[in-house]
Amino acid sequence: MSGYSIKSAGGIKYISFNIFSDTGFVRHAFTTRLGGVSQGPFRSLNLATHVGDHREAVLENRAAVCAALGFGLDEMVAGQQVHGKRVYVVTGEDRGRGAADSETAIPETDALITNVPGILLSSYYADCVPVMLLDPVKKAVGLVHAGWKGTAMRIACAALAAMSEAFGTDPIHCLAAIAPSIGDCCYEVDRPLVDAFNQYGFDPGPFLKQTGENRWRLDLCGANRHILEESGVRPGNIAVTGLCAACSPELFFSYRRSGSCGRMASLMALV
Ligand SMILES: [Zn+2]
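In our numbering, the protein residues as written are -18 to 252.
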């Protein structure tokens, strides 16, 4: 199931998933690199403060993205992503944390979940897999940042478990989307990475294609889809764009392709 479109608001272009917008009670986006004011390797819609871009430009970009979704910058929440598996339950008191600086961001967390309407969760990407979650029954949302380490640690499963504990979520009702990340076309890995995956208790075998001696291409997106299904999300409730960030330099930032670059964001809020 794909079911996405590229929307435009205030010059900003972003990906929107039908399964979320059809519910009518959530606003969400996965941004492209188009429509911002940043220059050079961050051209133009860089949304991350920690990559070497001018802070004023990032804040202008963030404010514009928030406005495109009908929010103010002070309603956004961001975490300090560390490729861990900690999930944080965002409450009303967290409103605005990490929106304008990284010091106030929620420390050491790669997954944010909330059931409080009017708080815009945000998470930042250049190649890692963005997983977006919506429980339309208990009315809760979640954003999961899954690089190879987060994938190996099954952070998407951890986020669903945290939603079950905090909100009574049953994954069988959940809607999920996997936004653009590095595709298996462009993500070549070596033996140490494959071994590391196994050490975390996740066999990447079904998601590897051998390209040479001790070289494989890894399908991180497919691995996360598998983790969602294994956690109880129905296959028909998972939307995947199939777009590779590294293959579309005009649309997306890619760390593996470019090194120094900006970050896209996934954003989601109950309204
Ligand atoms: Zn590619």
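Backbone N, C-alpha and C define an ideal beta-carbon position, used for all residues, glycine too.
Asked, Found
"Spatial neighbours of F1 in its chain, beta-carbon cut-off 6 Å, leaving aside the 5 residues before and after", "V7, H9 and L115"
"Helix, strand or coil at Q20 [DSSP, three-state]", "coil"
"V63 and D91 closer than 9 Å at C-beta", "yes"
"Secondary structure of F(-2), DSSP reduced to three states", "strand"
"Check whether T85 and G77 have beta carbons under 9 Å apart", "yes"
"Chain-ordered residues, beta carbon under 7 Å from a heavy atom of ligand 1", "I163, G164, C166, C167, C225, A227 and C228"
"Closest by C-alpha distance to G240, when choosing among A107, V118 and E194", "A107"
"C-alpha distance - V122 paired with I(-4), whole-angstrom precision", "17 Å"
"Closest Cα partner of G17 within the set V46, A220 and A140", "V46"
"Option in G53, Q61, I94 and E89 with minimal Cα separation from V70", "I94"
"Exposure label - I153; buried when at least 16 CB within 10 Å", "exposed"
"Pick from G99, R67, P98 and V97 that is closest to I87, judged by C-alpha positions", "R67"
"Length at least 3, wholly inside the segment 155 to 229: the beta strand (DSSP E) runs in chain order", "156 to 159, 169 to 171, 189 to 193, 196 to 199 and 219 to 221"
"Sub-9 Å separation of V110 and L201 beta-carbons", "yes"
"Supposed contact pair I159 and S235 - C-beta distance, whole angstroms, cut 8 Å", "S235 to I159, Cβ: 16 Å. No contact."
"Whole-number beta carbon distance between T30 and R36, since they are thought to touch under 8 Å", "6 Å"
"Per-residue burial, P161 [other beta carbons within 10 Å of its own, 16 or more giving buried]", "buried"
"Residue environment, G21, which counts as buried when at least 16 other CB atoms sit within 10 Å", "exposed"
"Residues bridged to S(-11) [DSSP beta-bridge criterion]", "K(-6)"
"Residue-chain proximity (R36, chain C), Cβ-Cβ < 9 Å", "Reference to chain C is not applicable here, since this structure consists of a single protein chain."
"Nearest candidate by alpha-carbon position, reference L251, set N42, L209, P216 and E56", "E56"
"Cross-strand partners of V112 (DSSP beta bridge)", "V125 and I159"
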